[in-house]
Every structure is written in C-alpha cells, then in structure tokens.
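**Student:** Structure provided below as structure tokens; questions to follow.
Residue numbers (the numbering used here): 758 to 1852.
Here it is, written out as structure tokens:
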C-alpha cells in the first residue's frame, strides 16, 4: 500500500504541473444538443475522440438537488453504444424518467495500454472531468461501472481518497466524500482459486466488444499484485460507500463468464446480485420491463437513499471506546524500567553528552516524518522511548511543529512475549485509536460513522484490521489540515503478522541462527522477517503524510536498515556508556558504599556492556550476589553478550543446580507452548504434570492416577490458591534464573507469566542451548498434555475465587473461565493423534466434562438473584442445572451455539480419536443414536455469533465457525448414523454452504478479514466432502427444501427447491469446484450439466 500512496501522490503532483488537455479540442456534448466549443471549465468535459463526459439528462433543480449518476463503460466500449440496445440508450431513454431530478452522465475512455499505468491515467481523467462539472454542487454521486470500467472507477476513488487524506488536490479529493454508492456490472474483484486475479481480469477483457491484443492480455495476467493492491486499498477507503456487485449468469458464446468468487469481494458494505444475461448485455436494456433493469433501479434507489450517519451520542461513544480498549493495553509500557535518575535527559537536550545536537531533539520540530531509535538488544531503547514520550519537553517541541494544529500524541509498545494483541497490527491500531479518541471524543463518529444509528454490539466483529484501518484513515480524510499526530512505536522487531499466521508452514516458523554474537544469536525465520517487512511498510505509509510523525525503535536488523535508511536516526548503544556508568555507580553505592576504585569499576562495566543496558543490569546483579573478594573475578568471568550458547543467559542457567536446570527447561517450554501467556495457577498445575505422584501419602489410589482426580479429595480455598501462586512465583525466581516475570492481574485469571525480555524468550527457545546442559527433555506431546491438565485443574478450583458462571443479565460462563476451557481443547487437539498415554488423555477429557458440569451446577445453585425471584429457585435453576454446560458459551454477539453435550464440542474441536473412543465404548443402540446427533455438527457447525473470548485473546478462534475434520464422516457413518433423514439434514447442510459460498455472509466476511483465505478454502472443501458423503450414504438429492432469500428491496421471499438444485446453485459459479459438482451430479443420478463441465 505504501507504493500505491507514493505512486498516486507523484502522479497527482505531475498532473498539477502541466495540463494534460488542449482546451481548444474540448467540447461539451449534451444529448440532442449542439454546444459551442468555447466555454467555462464546467462545460469542457468531453473530447471529439469519444473520451470524457456527456450529460444525458439534467433534472436537478438546483446545485444541491438530486444526485449525479456516472456511468463508465467496459474496455473498448463507448459512452453511448455500451449502454445501447435495439434503439434504446437506457440511461438517456429510461433512467431519466425513473430519476427525474438526477443528472445522468456517461464517461468515455480509450487506451493506449502499454502498461498498467493506463488505469491510473484513466482514473485521473475521470476524476478531473467529474470534479470539473461538480464545482458548484455537493450532491451525492452514484457510479456505475461495466467490466474493466469498474476497475477505472475503483482506481479513481482510491486516488480521490488519497488526495483528500494526504491533503493535496482537494478538488479531486472532494469527489470521494460525496460518493454514496458504486454498482459494478461484471467487474472482476478476486481470484477464483484456480486463476490469479490478473488471469481473471484477462478473461474478462476477452469478453469485451473487441478482442484485446496478446500484449495487453499478457500485461493483465502479469499484474495480479497491482490489481490485488488496488482491491485491498479500495476496500480500505470505501467502508462507508455502499457497493453492489452484479454478475452475469450466462456465458458468452465463447463459453467465458466471470465466476461468483471473482465477481464480488468481502465486506459488510457489499451486496451481490445476478442478472440472467451475458457479460456484454449486462449493461444493455431495451425496455423498462427488463428484469435486470428493474433490479438495477432498485439498487440505485437504495444507494441514493443511504442515510447519513446519525449524530454521535455519548453512550455509543463509550461503547466504541470500550470495544477498542483491551486489558493489556498498558502492560508492556508498565513493565519497562523508568530511566535511572537523569540518564536519559540528554535525548531532549539541544546538546548531547558529546556536545553535539541531539538528532531527536531537532527532529521534533522538523518536517521529517520518521525518526528511528536503533540499538542492540537490551540497549535501553524502550526506556528511552518511554522517557521521551512522557517528557513535557517533547510535547512543547511538537507543539511548535504542529503550528497551531490539533496535536495528538500516542504510543505503542510491542511485546512479542505477550498475547496476540500486544504484537499485532490489530493491537497497534486499537491502541492508537483509543488514545486519539479518548483525547478527541468528537472524532469517534468520524472514525466509525457506520456504527452509529445501529444496534450494539454490531452483527460482525468490530475489531477487524480492515475496520480499524478504515477508521484511522477516515480521521485524516475528515480533517487533513488541522489534525497533527505524533506516534511513538517501540519494539518493531517484536511485531508479528498474527492475522495471516495460517499462511505459514512449520518450516516458516523455524528459527535460524547466523551466529552467537549480538542480534544474530537471537535467531530469525521467514515469518519473523516478513513481519518486520510488514511493519516497516506500515510505518513508511504513515510517514508519507505530512501531518503524521512517527518515532520508532528497533534492533539494527537489515530489514529496518533498508526501510529507514533515508530517515534521521539515533543509535542508542553508542550513547549509553555514560548512562550505564551512572546506573552502575548508583547500584554499587547502595550495596557497597565506599567501595575502592568504584569509578574505574563503573567505567569498565560500562565499557564491557557495549551499550547493552540489560547486560549491565544482569551483570551487576551477579557481581553483587558474591562477596567483595570475588567481585573482580566474577566480573572477569562474565561473557560479553547476552544470548547464544556462550552468553550471559547461558551462564545463568549453568549456575543453577542440575535438577533446577531441568525444571527451568520444562517451565520455559510450557510458557512457550501456551496458547496465550499462561496464568500463574495454570502454569503451577501444568508443571506438576498430569499424573499424580503415587509416593504422596495424601493421594488415594482408588481415585485414579490423574492429578485432577486426586484434586477432588480436597476442598480448595482462596488461601490454598494464593499459597500455590506464591510458591510458583518463588520457583520462577530460584529455578528459572529470573528470566520469567509475573504480570499483575486478578488471581483467578490474571497474573500471567511472561519472559522478562524478548532476548530471554529467544534464548529459551534455542534447542542447542538445552542440548548442551540436558540429556533428557520432555516431548511436545508430554508438555501439551500437562498444559491440558493444568487448564482443567484451574477450572476445577475457579469456584474458590469466583463463580465461573454468571446468571445475570443472562446465564453464561464468564469469558475468563471459557477461555480456560477453549485452551484445554486446543491442547487436546494437538495431541489427539499422538497422545503419550491415550487412556489417560481420554480420562482427562472425561474428567474435564464432569468437572465443568459440577462447576456449572454449583455456580447456579449458589447464585442469589438481585431481587426476590421464587421462580429462580423453584423452576429456573433446576431446569438450567439439568442442561449441559457446553451450550452456554459467552458470546459477544449472537446466541450461544447449541450443544447437547461435551461430544458436540469435541467434534467442533476436531478431537477425532477421543470421539471415536467414546463412541466405541457405548452400546450399539446408544452409539447409533449419538452418531446421528453428532452428524448435525459435522455438516453444520452452528456458525452464528462470535465468542466473548475474542476480546480477551486476539488470536481466539471460535469452534463453531469451522467445518469439523472430514474424518468424522466415516467415523459417524460407520457408527450407525443415517444420511436418509431427508430435508432436515439437507437444510442444515445448505445453510452451512451459504455461509462459506456467499460473500454477503458475516461468517465468511469474518474468515476473510481476521484470518487468511486458506481457512475459508478448507471450510469449503470440507463442506463439499460432507455433501459427497451424504449422497454416498443414501441422502435423497431430490428432497425438497423451502428456503428464504432477501430481495434487493430487503423483503423476504420463499421458494422450494431440491437439495441438488441448491447445491448446484452454490457451486455452479465456482470454477474450482467444477469437477466436484460433476461428481455430485453423478452421485445424485443426474447427468452432469454442460455449464459445470464448461468450467
């Protein structure tokens, strides 16, 4: 996107320097009239060659009345002929009567197409022409684009948005905020699984009225990246523009057509429709009775009637701020040490310690957008950033830079060792927006206009990256002259691509080490490198606007060296020696007052640190642990670097007793493998393992060998739990060389365990380190089953601190309690196929079910209503106690997924082997009945609403949005499930298919926005596999199903179709499933359709 912004601004700058038009050759053409070639700019809007605008109808009574409808033809089309059929030019002859107070404009464009820059040139021409005839009006605009013409409209609106956001060429930018809708007729937006986007656009180009040259087709095919960039940027800037994507259902005589997947794109503001015609005739109507024309009229009516955002209300303002906020928003910043004394004051002095001007100080008032604070790992970058951010001097200098503008200052401190949100783009955007909008609540409605005047919480997730990005850019599109923002972003090297993590393979995450010296000893991977490139692009993108300044800090990695090479910079470790000497002197003076030769010792430690503040802090800790006699020898023995097999961390581990080294490794690995940073309680239980110690006298062999079973023998109190936490915290200090920290938080769910520094985490993750000190290490499966046990045991004692179930305002589990349940299931999913002790694994999950059911019942029975409610005790509570806990997941939106028992949840968690073991243990009639129940969940995962756990953990994925593992199909049918249930089972399968194949569905939109499309494709493949299995096991393909569908005017209609017709309806527009559709046709006893084969 950074390249797009720069290219757009450069083009606009070039076009402003010289006119691209010869005014003598420009003339206005108004249908049926002859106009002089001389006139004002407003009348000079078309050229003799068929380029430019023609006003076909102008019924607006004044400058603010009605709307402008602008039509842009397809490749090689014509501004009249493209919309003309059998003597009827429908925009002129039909549309003018349906929208009498509108101004109807067709705009013409032609090649040449020597490069993809031609789209940019056409977009500028479109903008210039439309802006020129709108100088005296602010009426709304609706664009209609046919085929490739839709791409020109997208490029034009992106250019207009950039013009407005970046404060240049306002006359062009003003087209953007007045655009209320865009209708795309057969415009390609996405790839289709088998073709890249460039290939799809090339195919659409071949459906134009004239055959394109081979050179042009090759150019289009090879430009996928550019078109994908255009699509993504348009989606970003068009959040508050209503979009309609219309596809032709019939193929051209050549057999070509655009697929469903390609003819639309995901977005809450996007609707899709289909006309029963081919691509060329999609833009031609010969009468008002044409079904396609009637649909088009309804779409234009809806777009033109789009209401303006409601006035912001304080309640909604607070709801949005609450949604942006997250519990760990300040955690990393609070953990960063305050500057020792005045050791960081030099960064804000006109002269630094060497009497040179501080580059940061001069940057604050300069127009330069980006400043890079670089340094080795542990060199004190974060402390310096925190000091600079909170200094009043910083604000004073920035006020001078803002020159009377509205100055806003925000900060973000990335933390790789924390939760998903502390190291992701989502966390960055939420944090910055929260800080901006708490300072300027009047801007909340500007950032999120679509969320006023609607229900709260919204139907779809609020905190998606695309929604947050649109909100950020909307702020500067609204007021690009007054708003001035300076953001401090610390720890770029700790940023990770979390929203697209499932794009990467296991090999992409594997760390590679270039050596043990400096940052090379900390390792890297493809995922980490691409994360660093991603955040670098984002920072440079922010810095391309002259009203935003960004101060960033990071290690001196090659990716950042290249990204920020042209920006001013401060290398922290080259300025830290004096500060480190001051810090060491202070520590020594406190511990050993009057120490001889203290000054020379301080200088030596500072020199040996090479500017590494963390090394100096750890070194002085180790020196002071000994006596005065060993002080010198201890100092001389310390390695000069932190990480690697010969570094200071390694020495700290080697200084531990042998048994403690093994304990340290296990604890480190448990923290590294945890779904989120584990709570102190979960970690304490997990470290004990899942099997009870038979030598412990308190254990009763009759209770079984699992620790969770033994826990049932005792009553847990808050004091017991506090004692466990205190003991575990001491173990972290004594057994883990102080490389782990405990964050503050509520006892029942907080007090998370994290590495004290990113370098410590990277050290602990190195296998070669532990190979050097340990001969035996626990396996990944052993660690995961321990984490599973730890979560279950934590759930069991949750009640001693706080009821895990809330009965008001609705009965549901607390999100903190459900997150423990979800994590337990994730750990179970890791070991379902390779559990080190399968019997114990199954027993653990059985215990989990019983434990949570008991907690469910206990919480309900102990609940006391806020008011006298005899029904609660007499009917409501007993009824709820008889229900299974799995059906009461806490939800942010929607109702809790319906689950009859734990096995339903186990199916959604893909625990194939566990479910198989449970089914095999049942009598035959019970097994058959249970398999039938579970079949519903395999063909339909009940995907409605979103879990409240998403707010606790940014990487949380709902269990009920994904199709379960296809292996369940054979398991359930072999266990006696019957596919011949008729329409009921088909209806569930059909609803699920719509969720994965309809681009207007909330579930699919969420999958596309919060994850990668690979997850969506997996769901589609599993759904097709489920349909195939149903047909193979006797499901009736001709079973009739009544379905409801929404019409363009938002009314519902009902129709009855057969199962196979509905399946074909979903798959016919998906070329990548043509073979599967033919196979399903064959299984249903029908002859495969020619349309399917043609794909």
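Glycine included, every Cβ here is placed at the ideal spot set by N, Cα and C.
Could you tell me the alpha carbon to alpha carbon distance between residue 813 and residue 1059, rounded to whole angstroms?
**Tutor:** Spanning the two alpha carbons is a distance of roughly 22 Å.
**Student:** Report the rounded CA-to-CA distance for residue 824 versus residue 853, giving the unit in angstroms.
**Tutor:** Straight-line Cα distance between these residues: approximately 12 Å.
**Student:** Given a threshold of 16 other Cβ atoms within 10 Å of its Cβ, counted over all protein chains shown, does residue 966 qualify as buried or as exposed?
**Tutor:** Residue 966 should be labelled exposed.
**Student:** For a quick check, are the C-beta atoms of residue 1669 and residue 1725 less than 8 Å apart?
**Tutor:** Yes, the pair counts as a contact, with Cβ atoms nearer than the cut-off.
**Student:** Taking 8 Å as the cut-off, does the stretch 1514 to 1522 touch the stretch 1396 to 1406 (at least 3 CB pairs, one atom from each stretch)?
**Tutor:** Yes, since at least three Cβ pairs between the stretch 1396 to 1406 and the stretch 1514 to 1522 fall closer than 8 Å, the two stretches touch.
**Student:** Can you list the alpha helix (DSSP H) stretches of 4 or more residues lying completely in the stretch 1017 to 1105, in chain order?
**Tutor:** The qualifying runs are 1017 to 1020, 1048 to 1061, 1071 to 1081, 1088 to 1092.
**Student:** How should residue 1508 be labelled, buried or exposed, when 16 other C-beta atoms within 10 angstroms of its C-beta is the threshold for buried?
**Tutor:** Buried.
**Student:** If contact is defined by three or more beta carbon pairs under 8 Å, each pair taking one atom from either stretch, is the stretch 1296 to 1316 in contact with the stretch 1123 to 1131?
**Tutor:** Counting Cβ pairs under 8 Å, three or more are found: they touch.
**Student:** By DSSP, does residue 1306 sit in helix, in strand, or in coil?
**Tutor:** Three-state result, residue 1306: strand.
**Student:** Can you find at least 3 beta carbon pairs, one from the stretch 1541 to 1557 and one from the stretch 1474 to 1484, that sit closer than 8 Å?
**Tutor:** The stretch 1541 to 1557 is in contact with the stretch 1474 to 1484.
**Student:** Do you know offhand how far residue 1286's Cα is from residue 935's?
**Tutor:** The alpha-carbon atoms of residue 1286 and residue 935 are separated by roughly 41 Å.
**Student:** Quick check on the burial criterion: 16 or more other C-beta atoms within 10 angstroms. Buried or exposed for residue 1211?
**Tutor:** With fewer than 16 Cβ atoms within 10 Å of its Cβ, residue 1211 is classed as exposed.
**Student:** For residue 940, does the three-state DSSP call read helix, strand or coil?
**Tutor:** Looking at residue 940 - three-state DSSP - the assignment turns out to be strand.
**Student:** Is the beta carbon of residue 1040 closer than 8 Å to that of residue 942?
**Tutor:** Cβ distance < 8 Å, so residue 942 and residue 1040 count as in contact.
**Student:** Run through DSSP, which three-state label would residue 1345 get?
**Tutor:** Helix.
**Student:** I want to know whether the stretch 1152 to 1161 touches the stretch 1486 to 1500 - three or more CB-CB distances under 8 Å.
**Tutor:** These segments do not touch.
**Student:** What distance in whole Å lies between the Cβ atoms of residue 1032 and residue 1070, which are believed to be in contact at a cut-off of 8 Å?
**Tutor:** Not confirmed; about 41 Å, so no contact.
**Student:** Give the straight-line distance between the Cα atoms of residue 808 and residue 1295, rounded to the nearest whole angstrom.
**Tutor:** For residue 808 and residue 1295, the distance between alpha carbons rounds to 37 Å.
**Student:** Look up residue 846 in the DSSP assignment and say whether it is helix, strand or coil.
**Tutor:** Looking at residue 846 - three-state DSSP - the assignment turns out to be strand.
**Student:** Among the residues of its own chain, which have a CB less than 7 Å from the CB of residue 1591, if the five just before and after it don't count?
**Tutor:** These residues qualify, in order along the chain: 1538.
**Student:** I need the DSSP call for residue 805, collapsed to helix, strand or coil.
**Tutor:** In this prediction, residue 805 has a pLDDT of 46, which is less than 50 and means its spatial position is unreliable; what the coordinates show is noted afterwards. Coil, per DSSP.
**Student:** Can you tell me the Cα-Cα spacing of residue 792 and residue 902, whole angstroms?
**Tutor:** Unreliable positioning characterises residue 792 in this predicted model, as indicated by a pLDDT of 28, which lies under 50. A coordinate reading is not provided.
**Student:** Considering only residues of the same chain and omitting the five flanking positions on each side of residue 1529, which have a CB-CB separation below 7 Å?
**Tutor:** For residue 1529, where only same-chain residues beyond five positions count, the Cβ hits under 7 Å are 1402.
**Student:** Since I believe residue 1133 is in contact with residue 1369 (beta carbons under 8 Å), could you give me their beta-carbon distance rounded to a whole number of angstroms?
**Tutor:** Going by Cβ atoms, the distance from residue 1369 to residue 1133 rounds to 6 Å, so yes, they are a contact pair.
**Student:** Applying the 10 Å Cβ sphere with the 16-neighbour rule, what's the burial state of residue 1839?
**Tutor:** Its Cβ having fewer than 16 others within 10 Å, residue 1839 is exposed.
**Student:** Using only the alpha-carbon positions, how far apart do residue 1204 and residue 1540 sit?
**Tutor:** C-alpha separation (whole angstroms): 45 Å.
**Student:** Mind checking which residues open and close the beta strand (DSSP E) that includes residue 1241?
**Tutor:** Looking at the DSSP string, the run of the beta strand (DSSP E) that includes residue 1241 is 1240 to 1247.
**Student:** State yes or no: is the C-beta of residue 1218 within less than 8 Å of the C-beta of residue 1707?
**Tutor:** Cβ distance < 8 Å, so residue 1218 and residue 1707 count as in contact.
**Student:** Just list the residues that DSSP pairs residue 1184 with in beta bridges.
**Tutor:** None; residue 1184 has no bridge partner.
**Student:** Residue 1834 and residue 1747 look like a contact to me (Cβ under 8 Å); what is the Cβ gap, rounded to whole Å?
**Tutor:** That belief does not hold up - the Cβ atoms of residue 1834 and residue 1747 are roughly 15 Å apart, past 8 Å.
**Student:** DSSP three-state call for residue 797: helix, strand or coil?
**Tutor:** With a pLDDT of 32 at residue 797, under the threshold of 50, the modelled position of this residue cannot be trusted, and the question is left open.
**Student:** Starting from residue 1418, trace the alpha helix (DSSP H) in both directions and tell me its first and last residue.
**Tutor:** Run containing residue 1418: 1415 to 1430, per the alpha helix (DSSP H) assignment.
**Student:** Between which two residues does the beta strand (DSSP E) holding residue 863 run?
**Tutor:** Run containing residue 863: 860 to 865, per the beta strand (DSSP E) assignment.
**Student:** Using 8 Å for Cβ pairs, my map puts residue 1162 next to residue 1240. What's the rounded Cβ distance?
**Tutor:** Their Cβ separation, rounded to whole angstroms, is 7 Å, which keeps residue 1162 and residue 1240 in contact under 8 Å.
**Student:** When you compare the stretch 1138 to 1154 with the stretch 1342 to 1361, are there three or more beta-carbon pairs, one atom per stretch, that lie closer than 8 Å?
**Tutor:** They do not touch, by the three-pair rule.
**Student:** What is the DSSP secondary structure of residue 1359, reduced to helix, strand or coil?
**Tutor:** Three-state DSSP puts residue 1359 in a helix.
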